[in-house]
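This is the structure:
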């Protein structure tokens, strides 16, 4: 009997939930060998090739990650609308002109050319997404 272990197979997923096992690696096995070793369950073929590994947990509802308190790195990688608190990736910044050293506030995703009010030097140009700063201009992100 060949059983496919994928999350799309709802019947097998239900059996795993009843056993309190968490799925770690997908594969196919023929059910000929099952070895339990320190909480790990291995399914292998007669040659000993391991096709699936499972870790026995305290309860079937235990999660691998904390959804309410994600790490700062995972929050930064997440889409702007899929974070715990949705917020945009854009920001305002102070841009210092390289000629007259005036400071101008510029939006990071500006869709128009921004010039210095003092010397009319171009500070940034729009691109498809973020605005590209002119060489020699320094900037810092504004903090709320």
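Numbering (our numbering), first residue to last: 1046 to 1189. Even for Gly, the Cβ is constructed at its ideal location relative to N, Cα and C.
For residue i, the first and last residue of its enclosing beta strand (DSSP E)
i	result
residue 1186	1183-1186
residue 1139	1137-1141
residue 1151	1148-1152
Residue i versus residue j - alpha carbon distance
i	j	result
residue 1149	residue 1142	8 Å
residue 1170	residue 1108	46 Å
residue 1174	residue 1159	15 Å
residue 1127	residue 1164	42 Å
residue 1132	residue 1125	6 Å
residue 1157	residue 1167	11 Å
residue 1185	residue 1114	29 Å
residue 1123	residue 1181	32 Å
residue 1120	residue 1152	22 Å
residue 1147	residue 1116	38 Å
8 Å Cβ shell around residue i - same chain, five flanking residues per side excluded
i	result
residue 1187	1136, 1137, 1138, 1139, 1150
residue 1155	1169, 1171, 1176
residue 1179	1143, 1166, 1167, 1168, 1169, 1170
Counterpart residues of residue i in DSSP-defined beta bridges
i	result
residue 1178	1169
residue 1121	Note: residue 1121 sits in no beta bridge, so no partner.
residue 1159	1169
Same chain, Cβ closer than 7 Å to residue i, five either side skipped, listed in chain order
i	result
residue 1145	1161, 1163, 1164
residue 1054	With a pLDDT of 37 at residue 1054, under the threshold of 50, the modelled position of this residue cannot be trusted; read the value that follows with caution. None.
residue 1118	none
Contacting residues, own chain, Cβ-Cβ under 6 Å from residue i (five flanking each side not counted)
i	result
residue 1183	1141
residue 1129	none
residue 1134	1125
residue 1064	Here the model assigns residue 1064 a pLDDT of 48, short of 50, so the residue's position is not dependable and the matter cannot be decided.
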